[in-house]
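Let me begin by presenting the structure, written as C-alpha cells, before commenting on it.
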Amino acid sequence: MAEERIPQFVAYLDEPEEALDPDEYHDAIELGDGVYLFRSDQTLSKLYHAIKHHARPKGLFVGKLDGEPKFKGMAAGALKWVRRDR
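Counting from 1 along the sequence shown, just add 560 to a position and that's the residue number in my numbering.
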C-alpha cells in the first residue's frame, strides 16, 4: 500500500511584522520575497492561523497545493524540496 503524502501548501505574506522562519515549521521553504511552501499535517485553517498569529502580516494568502507547482527563478533547492517524498 502506498504511503500517503503529507499535504503541501503555498503562502504569500505581505509586509509581515515578524519574519517567518521556515525552520520553526515542520517542513517549509521560502521561495522568494514573502512566498513560502509548507508541507504540513495541519488543516489549511490551522496553518493559516498559525502563520497569521506568528508573522502578523498586512496581507496573507494560504492555499493547498493539489499537485506539483511550476516555477522558475525561485530559491535554490526549491524544486528538490517539492519533489522530495514523491
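Glycine residues also receive a C-beta, built at the ideal position from the N, C-alpha and C atoms.
Return helix, strand or coil for residue i, following the three-state DSSP convention.
i: LEU607; result: helix
i: ALA588; result: strand
i: LYS640; result: helix
i: LYS612; result: helix
i: PRO629; result: coil
Checking the sheet assignment: what are the DSSP bridge partners for residue i?
i: VAL622; result: ALA571
i: PRO617; result: PRO576
i: VAL595; result: TYR572 and GLY592
With a cut-off of 8 Å on the beta carbons, I'd call residue i and residue j a contact; round off their distance for me.
i: VAL570; j: LEU607; result: So it is not a contact: roughly 11 Å between Cβ atoms.
i: HIS614; j: LEU580; result: 7 Å
In whole angstroms, what is the alpha-carbon distance linking residue i and residue j?
i: GLU575; j: PRO617; result: 5 Å
i: TYR572; j: ARG565; result: 23 Å
i: VAL622; j: LEU604; result: 7 Å
i: ALA610; j: GLU584; result: 11 Å
i: ASP601; j: PRO567; result: 7 Å
i: ARG644; j: LEU597; result: 13 Å
i: HIS629; j: LYS612; result: The displayed chain sequence assigns Pro, not His, to residue 629. The straight-line gap from Cα to Cα measures roughly 23 Å.
i: ALA635; j: GLU577; result: 22 Å
i: LYS632; j: ARG599; result: 20 Å
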